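Have a look at the structure below, then the notes.
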Amino acid sequence: MMDSAEKNSVPEEGQNTYVIDSENAGELARLMHQDQMLTRGMGGLLPEFPEGAPLPEGGRVLDLACGPGGWALELAFAYPKVEVIGVDISQAVIEYTRAQAWSRGLQNAHFQVMNVMQPLAFPDATFDLVNGRLLLGFMLPGAWPKLLAECRRLLKPGGVIRLTEAEPALTTSPALERFQALCCEALKKAGQSFSADGRHFGITPVLPKLVRQAGFREVKLRASAVEWSMGTEAHYPVFKDYLMGLELIRPFLIKMGVGTPQELEHLAQLAVAEMQQEEFCGLYSLLTVWGYAPQD
């Protein structure tokens, strides 16, 4: 049971529940960098489909909470005969993605302002593929069944839902482990966690069942592991993501009362130092879950 402070902190579904200020230029830069890092770490745009993506010529793809549009723009470039539509709650972010699509000459990439925790303004059976990555940054547990039901409505018969989520990284940095623990605690207090005890995000173990319960068939899982130990190719890209994230998420942690500005600043400085030590080891794991809309 939640205490009174925790109850008061649980957000309404209509509000922007993203844990970092999405209008912050630093967050836009971080997400642009993270998009590239994730796609590389996961083995490509659609590594679950080695025999060819479920994208027929003239097909349509929806990218949920697309952020700066990294995945959607890359997909539009790779599949010029497929229409890719990204939606995000932030007007500023959508304006950025539109400018990126225009500058790259991607006439098959389009972006619209929408809140994916609300009904989406598309007709039934519009898309061949609906994609979402790291939605845990804003999704409420109670909103997942509604979103998945909406995805099923939007998918053509036999269309694919594809979702990728993560838990905190496993590392040898005591300070980073502590900082991540505070993030988990804050999400739990905010009512944005599936974790039973606030020690992790809790999204990965429940995601396959949520997809099955929404009526999708042949639900499958694929794990990706990115080693970012010192000396590996992935170290700096993941370190850079954390370097920015440790600063940008602090207002949320302060708001949720899990640390003072001074405590969090000191902890972040220690984490940055420890991540750059020669003996540092880190593993960032992601889980992709996909399934098919019923044919009948």
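Residue numbers (our numbering): 1401 to 1696.
Even glycine gets a Cβ: it sits at the ideal position worked out from N, Cα and C.
Bear in mind that the values here come from a model prediction, so they are computed numbers and not experimental data.
Can you look up Val1484 in the DSSP assignment and give me helix, strand or coil?
Under the three-state reduction of DSSP, Val1484 is assigned to strand.
Three CB pairs or more closer than 8 Å across the segment 1423–1437 and the segment 1450–1465
With the cut-off at 8 Å, the segment 1423–1437 and the segment 1450–1465 do not touch.
Integer-rounded CB distance, given that Leu1475 should sit under 8 Å from Val1484 = With a Cβ gap of about 5 Å, Val1484 and Leu1475 count as contacting.
Q.
With H, G and I counted as helix, E and B as strand and the rest as coil, what does DSSP make of Met1401?
A. Residue placement at Met1401 is flagged as unreliable, the pLDDT there being 36, under the threshold of 50; the coordinate-derived value follows with that caveat. Here Met1401 sits in coil by DSSP.
Continuous beta strand (DSSP E) assignments of at least 3 residues falling wholly in the segment 1512–1539: 1527–1533, all fully within the segment 1512–1539.
**Prompt:** Opposite Leu1386 in the DSSP bridges: which residues?
**Reply:** There is no way to answer for residue 1386, as the model of the chain reaches only from 1401 to 1696.
Counting pairs of Cβ atoms below 8 Å between the segment 1426–1437 and the segment 1642–1652, do you hit three or more? When C-beta atoms of the segment 1426–1437 are compared with those of the segment 1642–1652, three or more pairs fall below 8 Å, so the two segments count as touching.
| message | Excluding the 5 residues flanking Lys1640 on each side, which residues of the same chain have their C-beta closer than 7 Å to its C-beta? | response | His1433, listed in sequence order.
| Below 8 Å between beta carbons: does that hold for Val1619 and Pro1637? | The Cβ atoms of Val1619 and Pro1637 lie no closer than 8 Å to each other.
Within 8 Å, do at least three Cβ pairs link the segment 1549–1565 to the segment 1523–1530? The segment 1523–1530, when compared against the segment 1549–1565, does touch it at the 8 Å Cβ threshold.
**Prompt:** Is it true that the CB of Leu1548 sits closer than 8 Å to the CB of Leu1506?
**Reply:** The answer is no: Cβ separation not under 8 Å.
Label Gly1602 either buried or exposed according to how many other C-beta atoms from any shown protein chain fall within 10 Å of its C-beta, with 16 as the threshold for buried. By the neighbour-count rule (16 or more Cβ atoms within 10 Å), Gly1602 is buried.
* Any idea which residues DSSP pairs Thr1564 with across the strands? -> For Thr1564, which the question treats as bridged, DSSP gives the partners Arg1533, Thr1688.
task: Can you give me the start and stop residues for the alpha helix (DSSP H) that Arg1460 sits inside?
output: Careful: Arg1460 lies outside any alpha helix (DSSP H), inside the beta strand (DSSP E) at 1460–1464.
- Message: Taking the alpha carbon of Pro1468 as the reference point, which residue from Val1482, Ala1499, Pro1519, Ala1478 has its own alpha carbon closest?
- Response: The residue with the shortest Cα to Cα distance from Pro1468 is Ala1499.
If you draw a straight line from the alpha carbon of Ser1409 to that of Leu1587, how long is it in whole angstroms? For Ser1409, the predicted structure reports a pLDDT of 40, less than 50, and the residue's modelled location is therefore unreliable. A value from the coordinates is still provided. Computed Cα separation, rounded: 10 Å.
Thr1571 by DSSP, collapsed to three states: which one?
In the structure shown, Thr1571 sits in a strand (DSSP, three-state: E or B).
Practice problem: Please determine, among Leu1438, Ser1490, Thr1417, the residue with the shortest C-alpha to C-alpha distance to Gln1512. | Solution: Answer by Cα proximity: Ser1490.
- Assigned secondary structure, Glu1633 (DSSP; H/G/I helix, E/B strand, else coil): Residue state, collapsed to three classes: coil.
* To do: Return the CA-CA distance between Gln1695 and Arg1617, expressed in angstroms with no decimal places.
  => Gln1695 and Arg1617: Cα-Cα distance of roughly 10 Å.
*asked:* Can you look up Pro1557 in the DSSP assignment and give me helix, strand or coil?
replied: Secondary structure at Pro1557: strand, using DSSP grouped into helix, strand and coil.
Inset, instruction - Could you pull out every residue in the same chain whose Cβ sits closer than 6 Å to the Cβ of Phe1594, ignoring the five residues on either side in sequence? - result: Answer for Phe1594: Pro1541, Gly1602, Ile1603, Val1606, listed in chain order.
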